[in-house]
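Following this note's numbering, the numbering of the sequence shown begins with 1476 at its first residue and continues without gaps. As structure tokens, the structure follows; a few thoughts come after it.
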Amino acid sequence: MSDKIKILVCTKGKHCQKRGAEEVLCAFKAERECLGLEDEISVKKSECLGMCDKGPGVYVKGLKLSYKKVSPKDCRDILRTLCAKKSSKGYIPE
Ligand code: FES
């Protein structure tokens, strides 16, 4: 089992699509590369995550965290936060 942090971005739900989910996905991938975190974090497209009215929605497996109304400018801070959380207790690979 991989112990990568798995970020799911709702890009397949219509509400999040309209609110820029693809741009959020691209920003996560770009920032992940900038920070050299490709081996630590995966970023994948997802079906609806059940937070449609507050999209784009993001769910982080392993840490069981949700982020709502995510914009591309939030992605770098989220990645840094996730790395810090992984280093502390509470990370369970899924
Ligand atoms: S459409 Fe994205 S969370 Fe439902």
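Each residue gets a CB set at the ideal place from its N, CA and C atoms; glycine is no exception.
Y1534 has its alpha-carbon roughly 15 Å from the corresponding atom of E1497. Straight-line measurement puts the Cα of S1546 at about 13 Å from the Cα of T1486. C1558 has its alpha-carbon roughly 12 Å from the corresponding atom of G1537. Counted as a single uninterrupted DSSP element, the stretch harbouring L1512 is not any alpha helix (DSSP H), since DSSP gives it neither H nor E.
The C-beta separation of L1510 from L1483 comes to about 19 Å, leaving the pair out of contact by the 8 Å criterion.
In the displayed model, K1493 falls within a helix according to three-state DSSP. At a Cβ-Cβ threshold of 8 Å, K1481 and K1519 count as neighbours. Judged by DSSP secondary structure, S1562 falls within the alpha helix (DSSP H) whose first and last residues are 1550-1562. P1531 is the residue among P1531, K1479, H1490, G1488 whose C-alpha sits nearest the C-alpha of A1502. In terms of side-chain proximity, the C-beta atom of K1519 is found no nearer than 7 Å to any non-hydrogen atom of the ligand FES.
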